[in-house]
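Following: one structure in structure tokens, then a few remarks.
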DNA sequence: GCATCATTTTAGAAACATTCTTGATTTTTA
DNA sequence: TAAAAATCAAGAATGTTTCTAAAATGATGC
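Protein chains in written order, with the working numbering: chain A, 1 to 156; chain P, 1001 to 1156.
See the structure below:
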């Protein structure tokens, strides 16, 4: 088990969460394919082979637990399944409306420092998190003439 | 009919969109309750009395047309119905995770100028829109001890 | 203004993602 | 290892959004 995963298992145990095979499996799947910001079903498909009796509902329930304990961030885009991000620090995403992929912008193109990202309250409202998302068409889809790449992520 | 609505009716006609009573009604409803960033159902409920035969599907279809022609922006939050915003210019929102309300931040607390908001391309990807959302607990819910206010918007 | 054709609306069915329920299984505790 | 607590699997249920087909409406040409 990767140390990152081990650490999260430990963290959850300390919080009183019963760490079952399934929950650990979802942690590992997130570690393996988390960078694509997978949906619950992506994780389920990734794990079915290894854990044939795992059910999609368990994946959803598990992700809800992880979310409750701050291990994952939920992302929602119009006409898209909910996605999960293991990086819970605020960081901007790019969402390609053609192929439907989502990725972390900072990886490829760092954002200039912006005071907006650090506000803790706004006009009396408590800010717990800031979402920034660039919405548009990715380089690849631009080159390929806006053709969506799969069944899962139709253009909209 | 308010001049704002009139102008949008005109705009859509020029684009070749058949302007029916229903479509105009949805434009008016957006004009009337648009500031709360309503869901399709909110708009439907707002209009049912005036147009008893209007169907929810028509509201959805109509909003899709408006979206296609750039008159509304779709907003999506985890565990929430899709919402529609008549302000299609990028502007930050606040989403209260307790009562579920969404509002425009700029109205109450202007955001400092931020270079991030004006990027047209990022690393070769075409940026068409930038979403910024502050997520947290609103002033009122803080005061009232995190009690959700209605059936429609449970805390999550 | 009327006939024709295209488009839109309605109502309900369907699809889809997500959540809930129940009994079975596993884990924890002692 | 037994009893209690928590979780899981499977499928049913829910809620939102989309689709379908027939009826209604709107546009166009006369």
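Ideal Cβ placement from N, Cα and C applies to all residues, glycine included.
Since this is a predicted model, take the numbers as computed values, not measurements.
Review point. What residues in the segment 63-78 of chain A have a beta carbon less than 7 angstroms from any beta carbon of chain P?
Key: Going along the segment 63-78 of chain A in chain order, one finds 74, 76, 77, 78 with a Cβ nearer than 7 angstroms to chain P.
Practice item. Could you tell me whether the segment 75-92 of chain A touches the segment 1072-1091 of chain P, where touching means 3 or more Cβ pairs closer than 8 angstroms? Key: Cβ pair count under 8 angstroms is three or more, so yes.
**Study point:** residue 1145 of chain P to residue 127 of chain A span [Cα, whole Å]
**Key:** Counted from its first residue, the second chain places residue 1145 of chain P at position 145. Counted from its first residue, the first chain places residue 127 of chain A at position 127. Computed Cα separation, rounded: 16 angstroms.
**Study point:** CB-CB length for residue 1037 of chain P against residue 1102 of chain P, believed under 8 angstroms
**Key:** Locating residue 1037 of chain P in the second chain gives position 37, where the first residue counts as 1. Locating residue 1102 of chain P in the second chain gives position 102, where the first residue counts as 1. Taking C-beta atoms under 8 angstroms as the contact rule, residue 1037 of chain P and residue 1102 of chain P qualify, at a distance of about 4 angstroms.
Check your understanding: Which value, in whole angstroms, describes the spacing of the CA atoms of residue 29 of chain A and residue 84 of chain A?
Key -> In the first chain, residue 29 of chain A corresponds to position 29, counting from 1. In the first chain, residue 84 of chain A corresponds to position 84, counting from 1. Straight-line measurement puts the Cα of residue 84 of chain A at about 11 angstroms from the Cα of residue 29 of chain A.
Check your understanding: Going along the chain, which residues of its own chain have a beta-carbon closer than 6 angstroms to the beta-carbon of residue 95 of chain A, five neighbours each way excluded?
Key -> If you number the first chain from 1, residue 95 of chain A lands on position 95. Excluding residues within five positions, the ones whose Cβ falls inside 6 angstroms are 77, 102, 133, 135.
Check your understanding: Using the C-alpha atoms, what's the distance from residue 5 of chain A back to residue 1042 of chain P?
Key -> As a position in the second chain, residue 1042 of chain P is number 42, starting the count at 1. As a position in the first chain, residue 5 of chain A is number 5, starting the count at 1. Each residue's alpha carbon lies about 43 angstroms from the other.
Exercise for review: Mind reading off the beta-carbon distance from residue 1026 of chain P to residue 1063 of chain P? Whole number of angstroms is fine, and I expect it under 8 angstroms.
Suggested key: For the purposes of this step, residue 1026 of chain P is taken as residue 26 along the second chain, with counting starting at 1. For the purposes of this step, residue 1063 of chain P is taken as residue 63 along the second chain, with counting starting at 1. Residue 1026 of chain P to residue 1063 of chain P, Cβ: 7 angstroms. Contact.
**Study point:** Cβ pair residue 1098 of chain P, residue 1072 of chain P closer than 8 angstroms
**Key:** Counted from its first residue, the second chain places residue 1098 of chain P at position 98. Counted from its first residue, the second chain places residue 1072 of chain P at position 72. Contact flag unset, no.
Review point. When the distance is taken between beta carbons, is residue 1122 of chain P closer than 8 angstroms to residue 105 of chain A?
Key: For this step, residue 105 of chain A is matched to residue 105 along the first chain. For this step, residue 1122 of chain P is matched to residue 122 along the second chain. The Cβ atoms of residue 105 of chain A and residue 1122 of chain P lie closer than 8 angstroms to each other.
Check your understanding: If you run the structure through DSSP and keep just helix, strand and coil, what is residue 1130 of chain P?
Key -> As a working mapping, residue 1130 of chain P is identified with position 130 in the second chain. Strand, per DSSP.
Point to revise | Partners in chain P for residue 126 of chain A, counting only beta-carbon separations shorter than 7 angstroms | key: Against the first chain, residue 126 of chain A aligns to sequence position 126. Those are 1136, 1137, 1142, listed as they occur along chain P.
Review point. DSSP on residue 1051 of chain P, reduced to helix/strand/coil?
Key: Position 51 of the second chain holds residue 1051 of chain P. Coil, per DSSP.
Exercise for review: Tell me whether residue 66 of chain A is buried or exposed, calling it buried when 16 or more other Cβ atoms sit within 10 Å of its Cβ.
Suggested key: Within the first chain, numbered from 1, the residue matching residue 66 of chain A stands at position 66. Burial call: buried.
Exercise for review: Any chance you could list the alpha helix (DSSP H) runs of at least 4 consecutive residues sitting entirely within the segment 50-83 of chain A, in chain order?
Suggested key: Fully enclosed alpha helix (DSSP H) runs of 4 or longer: 56-68.
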